[in-house]
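This report concerns only the one structure given below.
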């Protein structure tokens, strides 16, 4: 299905019945990474798995920024009249989730993020170097996005009032101290570092993710 918001068409799949939850993928991916999670969640939730702008079947654009992506999701929630959804965001999707909870403190019921960062320096140096090399040769705007954004301050994080679960892998490409900093600045948030997991190993096409996030949706 498609919905037009902010001048772009967003593709999404809707399934299941129950309390609503929105799933947001990471950079260079689309909603299909959540196929296993969607199947499990849809037994008890109405699941909206969305392709971000310039990803999947959604509109392609010139120039990407996280605030525009956040605005798309806020408009998506309003356009479909989704009342108090939970939101799970992976990587870039987690950044969008943080911005949404900062800008619209009453819009969500729960926020779950994994592998998110609030500034490019939250990414481990070796991966930053790889992205810089990739951008030098490709000029890919998705690489540029990761190298130049976001810029979310600790004061911004302190404005989040929705119940928040901060998640990462112990082998994530986001620095461990950065993930812990995010959690420390969101009042009442819960932090969990999954031992032995990488940035995406427990997320993409994964049964494990459902078991991890389910307690925080109750």
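In our numbering, the protein residues as written are 174 to 391.
The beta carbon of each residue, even a glycine, is placed where N, CA and C say it ideally should be.
For residue i, does the count of other Cβ atoms within 10 angstroms reach 16, so buried, or fall short, so exposed?
i: residue 306; result: exposed
i: residue 388; result: exposed
i: residue 220; result: buried
i: residue 323; result: buried
i: residue 385; result: buried
i: residue 279; result: exposed
i: residue 218; result: buried
i: residue 335; result: buried
i: residue 342; result: buried
i: residue 356; result: buried
i: residue 327; result: exposed
My understanding is that residue i touches residue j, with C-beta atoms under 8 Å, so please give their C-beta distance in whole angstroms.
i: residue 223; j: residue 378; result: Actually they do not touch by this definition, with Cβ atoms about 17 Å apart.
i: residue 372; j: residue 267; result: Rounded, the Cβ-Cβ distance is 11 Å, inconsistent with contact.
i: residue 369; j: residue 344; result: 7 Å
i: residue 252; j: residue 176; result: 5 Å
i: residue 290; j: residue 351; result: 6 Å
Among residues of its own chain, excluding the 5 on either side of residue i, which ones have a beta-carbon nearer than 7 Å to its beta-carbon?
i: residue 235; result: none
i: residue 346; result: 296, 297, 300, 372
i: residue 240; result: 272
i: residue 277; result: 247
i: residue 353; result: 364
i: residue 181; result: 226, 231, 232, 234, 245
Among the residues of its own chain, which have a CB less than 6 Å from the CB of residue i, if the five just before and after it don't count?
i: residue 206; result: 198, 377
i: residue 381; result: 375
i: residue 383; result: 210, 213
Is the beta carbon of residue i sitting closer than 8 Å to the one on residue j?
i: residue 286; j: residue 340; result: yes
i: residue 212; j: residue 228; result: no
i: residue 263; j: residue 231; result: no
i: residue 179; j: residue 245; result: yes
i: residue 349; j: residue 325; result: no
i: residue 273; j: residue 260; result: yes
i: residue 265; j: residue 200; result: yes
i: residue 320; j: residue 304; result: yes
Closer than 8 Å by C-beta to residue i: which residues in its own chain qualify, once you throw out the five before and the five after it? Chain order, please.
i: residue 237; result: 226, 227, 314, 315, 317, 318
i: residue 359; result: 330, 331, 333, 337, 339
i: residue 250; result: 195, 258, 280
i: residue 269; result: 197, 225, 239, 242, 243, 246, 262
When the cut-off is 8 Å and only beta carbons count, does residue i lie next to chain C?
i: residue 286; result: Among the chains in the structure shown there is no chain C, since it carries only a single protein chain.
Q. What are the complete beta strand (DSSP E) segments, minimum 3 residues, inside the segment 218-299?
A. 218-223, 259-263, 283-287
Q: Could I get the ranges of all uninterrupted beta strand (DSSP E) runs contained in the segment 175-213, with 3 residues as the minimum, in chain order?
A: Fully enclosed beta strand (DSSP E) runs of 3 or longer: 175-178, 181-188, 192-197.
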